[in-house]
Amino acid sequence: MKTLTEGEALARLRRGKAAFQSHIKTTYERAARSCAACPTPGVCCTDAHFVNVHITRLEAVAIRETLRRTPRLDDAARRGVYERARAAVARHGLSVAGDTFARTYSCPLFAPGAGCLVHARAKPAPCMQHACYDDWRDVPPAELQWRAESRVERLNDQVYGAAWAWLPTPVWLTLVDPASDGAELSRLARLWASRRHARTRNPARIAARRSLPVVAS
Ligand code: SF4
Ligand code: SF4
């Protein structure tokens, strides 16, 4: 497998996600309910009984870089995202071990008034695919998300080898927090790297749970 630098992989990740987001938008979202008219905007991101989005190491770096560059946040607001991530980890018992998909959380990347802080540049694939539909026949097929996630996995492999994992977004945000010393990420990277490379892939693809778009009732 061709290896990539983190910078090269981030550029490819960005292009791949832009293409996926555009495909979902133009092909499926016309049939979805309008988020602008939603009576509870953002509840799909903040409902701690629903959200269990997982991301990879490369996506976490992409999110950190997006937060670092966005003019929508000052330093205090930027710090607030990482503090919300730490609070979500503690409040919802999120961790790097066990059945991480069994735990749900309120996403720290949602900001009231602004929405998803990484919408344009670093949104996770399940979030891109998510919308509220009135008819199941309009819902994008799960295989689309799985294919997008396979491409993300391959990019992680090309940069980090086996030293990465699918983890809840708040967990990854604490690991790549610019204010952290990086010791925990280094420890985990050594642990993951010592495992067989052909490890279990994204369990969401196998279990297909909670990351499917919602059909509004
Ligand atoms: S996806 Fe659904 S719940 Fe979320 S803001 Fe849009 S309409 Fe509202
Ligand atoms: S990453 Fe963005 S779209 Fe996804 S749950 Fe968080 S705030 Fe919502």
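Heads up: the sequence shown runs through residues 1131 to 1347, numbered per my numbering. The beta carbon of each residue, even a glycine, is placed where N, CA and C say it ideally should be.
Per-residue burial, TRP1296 [other beta carbons within 10 Å of its own, 16 or more giving buried]: Locating residue 1296 in the sequence shown gives position 166, counting from the first residue. The residue in question, TRP1296, is buried, as its Cβ has 16 or more Cβ neighbours within 10 Å.
message: With the cut-off set at 8 Å, would you say HIS1184 and PHE1150 are in Cβ contact?
response: As a working note, residue 1184 is residue 54 in the sequence shown. As a working note, residue 1150 is residue 20 in the sequence shown. No, the pair does not count as a contact, with Cβ atoms beyond the cut-off.
query: Rounded to a whole number of angstroms, what is the C-alpha to C-alpha distance between ASP1265 and ALA1162?
result: Counting from one through the sequence shown, the residue named residue 1265 turns up at place 135. Counting from one through the sequence shown, the residue named residue 1162 turns up at place 32. Straight-line Cα distance between these residues: approximately 9 Å.
query: Whose beta carbon lies closer than 5 Å to any heavy atom of ligand 2, going through the chain in order?
result: CYS1175, CYS1237, LEU1239, PHE1240, CYS1246, CYS1257
query: Name the DSSP bridge partner or partners of CYS1246?
result: If you number the sequence shown from 1, residue 1246 lands on position 116. CYS1246 is bridged to PHE1240.
- request: Give a single yes or no on whether ALA1261 has its beta carbon closer than 7 Å to a heavy atom of ligand 1.
  value: As a working note, residue 1261 is residue 131 in the sequence shown. Yes, ligand 1 has a heavy atom inside 7 Å of this Cβ.
task: Work out the CA separation of GLN1259 and THR1170 for me, nearest whole Å.
output: To locate residue 1170, count along the sequence shown from 1; it is residue 40. To locate residue 1259, count along the sequence shown from 1; it is residue 129. Distance between the alpha carbons of THR1170 and GLN1259 is about 19 Å.
field: Alpha-carbon to alpha-carbon, PHE1180 and PRO1343
entry: Here residue 1343 corresponds to residue number 213 of the sequence shown, with the count starting at 1. Here residue 1180 corresponds to residue number 50 of the sequence shown, with the count starting at 1. Summary for PRO1343: the model assigns pLDDT 48, below 50, so the residue's position carries little reliability, and this model does not support an answer.
- request: Would you mind working out which of THR1304, ALA1319, TYR1263 sits nearest ARG1214, comparing C-alpha positions?
  value: Position 84 of the sequence shown, counted from the start, is the residue given in the question as residue 1214. The residue with the shortest Cα to Cα distance from ARG1214 is THR1304.
- request: Under the assumption that LEU1140 contacts LEU1188 (Cβ atoms under 8 Å), give the Cβ distance between them as a whole number of angstroms.
  value: Numbered from its first residue, the sequence shown carries residue 1140 at position 10. Numbered from its first residue, the sequence shown carries residue 1188 at position 58. 7 Å between Cβ atoms; contact.
- request: Just the C-alpha distance for PRO1256 and ASP1268, rounded to the nearest angstrom, thanks.
  value: The sequence position of residue 1256 within the sequence shown is 126, counting from 1. The sequence position of residue 1268 within the sequence shown is 138, counting from 1. Cα to Cα, PRO1256 sits roughly 16 Å from ASP1268.
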